[in-house]
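Residue 185 is where the sequence shown ends in UniProt numbering, and the numbering goes up by one at each step. Every residue gets a Cβ at the ideal spot worked out from N, C-alpha and C, and that includes glycine.
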Amino acid sequence: MSLVSWAHDVAADKLAEPLPRRWAHVQGVARQARRLAGVPGLDAELVEVAALLHDVGYAPDLAVLGFHPVDGARYLASIGTPARLVNLVAHHSAARQDGAVAGLAHLLDAYEDEQTPERDALWWADMTTGPDGERLTFIQRMTEVKERYGPEHAVSKAIDLSWPERLRAVERTEARLAVQVKNAD
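Written out as structure tokens, the structure is:
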């Protein structure tokens, strides 16, 4: 079984039935990640696997701390998932800033934030996919999240705090994707 198939099965098992909308989002994030196949110097398979697993910490049976990046990372580590994948899940989409707003950032200290093209690509895939799996621009996605939660919610405050870092990750990934498209012409 391929790593992608394994990740799909794990995520489906944990999310499809109890959280169908979250599962739709995860599948959309994985579709976005697949668009990165062929980007020079990028491990697109790793990004797709991380995309499939990035929100597994929302699963009701895994949501111990209520901080899904760490709940997901803890679960993945407990089943022997490679450390790099565990770390990508722990630090996806500005998790450090989300944790800071919630007073939980210290929980991420156990996981390396690699700050690589793969990390940027995972953030990009997540932040350009809507809650139902539809492709959105970064601005559309951040606006949607903030409207859904409201301006005073911790999630909205974390987005405001981390906006520049999120945007830079998206821009770097879109630049890499543009080079790949240009090279294909």
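Inset, instruction - Check the DSSP bridge columns for residue 129 and list the partner residues they point to. - result: 135
Inset, instruction - Taking all protein chains shown into account, decide if residue 98 is buried (16 or more other Cβ within 10 angstroms of its Cβ) or exposed. - result: buried
Inset, instruction - Determine the contact status of residue 18 and residue 63, defining contact as a CB-CB distance below 8 angstroms. - result: no
Inset, instruction - Please look up how many angstroms separate the CB atoms of residue 45 and residue 4, rounded, as I've assumed it's under 8 angstroms. - result: 6 angstroms
Legend entry - Backbone CA spacing between residue 108 and residue 71 [nearest angstrom]: 10 angstroms
Inset, instruction - Within the same chain, show all residues whose beta-carbon is closer than 8 angstroms to that of residue 8, passing over the 5 residues directly before and after it, in chain order. - result: 30 and 52
Legend entry - Neighbour-count burial assignment, residue 89, 16 or more Cβ in a 10 Å radius: buried
Inset, instruction - Count the other CB atoms, across all protein chains shown, that sit within 10 Å of the CB of residue 79; report buried if there are 16 or more and exposed otherwise. - result: exposed
Inset, instruction - Report yes or no: is there a C-beta of chain B within less than 8 angstroms of the C-beta of residue 21? - result: The structure shown contains no chain B, having only a single protein chain.
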